[in-house]
Each structure stands twice: as structure tokens, then as C-alpha cells.
Amino acid sequence: MSDGKKCKVPGTLHFFTVDHWFEVPLLIFDWNHFYKKVVMLSFMENDSRKRKGHVHMAFYHDLSTYYDQIFPLNQTAYAFISNCFQKGDSIIDMGAGTGNMAIALAQGGLQVTASEPEETLVESIKKKAAEKGISLSVHTKTMEKLGEFQENFDGILCVGNTLPHLPNIVEVERFLGQCYEKLKENGKLILQQVNYDKVLAKDDFSFPVIEKENFTFTRHYEKKNEHIHFTSRLTIDGETIDNTIPLYPITSQQLKQALEKVGFQNINQYGNFKEENHTSESPALVTVARK
């Protein structure tokens, strides 16, 4: 439907789903068949929208109520990141979640911009910043839109396994290129993700179960062609919410090569925020690249 209009034929029924128009002669109309077709097409339309990226937002929307209990501020990560900058430096946190790191860094004297595409999490950032009296610039731009910010930064953060949400190496390189362009001279890009060197060495991989008084949270990784299917399960009072999203499992060597390709030269990689050497058995991959 290019113009949103259809010519109605007398003696027919007319129905819409989001993307489809039905025109059915009354004499041969079958409600049961029609219902099944609408349900199937609606499912297909919904599935198509999910494949286009909405699945990521649905996943984090489901988690939003419990996000801070599952992913509280990591004090070791905070110390590592804050030590990379000086008071007054400007940084942007891409994929800021509920803003715990961004707010802590702002409290520590940095000028912080937080960008998080999930609206529910953005509202949490704004609420917490207001309660703490913190001045924070909050946006809903995705990683792909980093280049739309007018200013340049002393630092760019992309932590919490955010980078692998990009679909392939081409998009990863494009994002890293935007990071290079948006950094000031001698600015730093800090990346942190799951250690996919370790995950890819196994057919499937699971993190330890997170158990709280009112819920449990499990995470499982399974190889599917060039991607990892990340399945989370949130169980609350016997009710279970399952979510599966595809992640691009960029390895330490791939990431280093991609950073060098877009212009970064001073690159250090660690196995955690304690600055321990990165190995194939490290729990994470922490990368610091200087422009």
C-alpha cells in the first residue's frame, strides 16, 4: 500500500493487520480460516520487526524492573574507568542501561552524556539523576547514531557487553570508526564485553545463576552460524520470562584488528577491570584504545 488507500468492492469484507489488507467476498467468507490467517500474518509481521532490532528493546524492557539488582554498579569497573580520566573530562556512555555507571562518573566530577535506546531504562536514568541532583545529558541514540552528536569527547564508554549487539563485523567497524572521529586527540575508548574467545571454544556456555530473594536470572549462550544466541530466563514467583537475542561474538584479535583498521594504535586488552592479562579463559575482554 503506497498511498494507504484501497478501492472497496461491494459485497466484500475489508480488514487490516499492520502490513496487510484483506478483501474477502461475503459469500465465501470463512471466519475460522480468516482468524488463522490474521494470527499467522500478525505473528510474521511481529517476528519481522523483531529481526529488525526491536527484539533487543523488548528484551531490556522485560528486564527493566530488575535491572539494577541483576547488574548493580561494579565498583572495580568504576575505579578502572574513573582512573582513565581527569575531573572535568567529557565522556559519553553508549548503552548506559539504567545509568549507574554514568551517574557515578558524573558524581566523580566528569561531564557525562548517557545514551540508551530503551525508553524504560532512559526513564530510570533520568529519575535517578534527578533524585541525586546530578546534571546528566540523556539521549536515546543507538550505537549506530553516535556520529550524530555534535560535540567530541575525551572518552567513549561501551561496556556491559553492548558492542556485540551490532549484527556483524562491518557494523562493528563502522561504530569504531565513529568512535575514532568523535574522540578528541588522546581521547580514550573503553570497551568491555564477554570473552568470546572462551565462549566460542564451547558448543554452549552458561553463566552462574543469579539468585535473589524474589527472582532468579539465568544466561545461556549457544553458537548459531556466525552469531551467538543469548537466552536469558527471568523467573519471578514461578512465572518465567524467556528472551533470546542474537549477538555478534567478536574475539579479542578481531576487535584489535578492527580498532587498528579505523585508526587506533595504542590498544591495551585485559581479562577484567583489575587489569589482569587477557587469556582464552578470562571472564571478560576489557579494551582501552587511545586516539
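Using our numbering, the first residue of the sequence shown is number 22, and each one after it goes up by one.
For each residue, glycine too, the CB sits at the ideal point set by N, CA and C.
Answer yes if the region 138 to 150 comes into contact with the region 178 to 193, meaning at least three C-beta pairs across the two stretches below 8 Å, and no otherwise. no
Residue ranges of each alpha helix (DSSP H) within the region 183 to 215, 4 or longer: 190 to 203
Going by C-alpha to C-alpha distance, which of Thr-97, Lys-312, Ser-301 and Ala-310 sits closest to Lys-223? Ser-301
C-alpha distance - Gln-107 paired with Gln-275, whole-angstrom precision: 30 Å
Please tell me whether, using a cut-off of 7 Å, the distance from the CB of Leu-126 to the nearest non-hydrogen atom of the ligand PLP is below it. Here there are no bound small molecules, and the ligand PLP is not part of this structure.
Quick one: give me the first and last residue of the beta strand (DSSP E) that Gln-171 is part of. Counting along the chain, Gln-171 falls outside any beta strand (DSSP E), and DSSP gives it neither H nor E.
Within the chosen definition, does the region 159 to 171 reach the region 278 to 296 through at least 3 CB pairs nearer than 8 Å? no
Could you have a look at Met-117 and say whether DSSP puts it in helix, strand or coil? Sequence check: residue 117 is Ala here, not Met. Note: Ala-117 maps to coil in three-state DSSP.
Measure the alpha-carbon distance for Leu-126 versus Ser-103 and round it to whole angstroms. 7 Å
Here's a check: name, in chain order, each residue in its chain whose Cβ is nearer than 7 Å to the Cβ of Gly-198, leaving out the five neighbours to either side. Val-283
Taking only runs that begin and end inside the region 216 to 242, name each unbroken alpha helix (DSSP H) of 4 or more residues, in chain order. 217 to 220
Would His-241 and Asp-225 be called neighbours here (beta carbons separated by less than 8 Å)? yes
Backbone secondary structure at Lys-244 - three-state DSSP: strand
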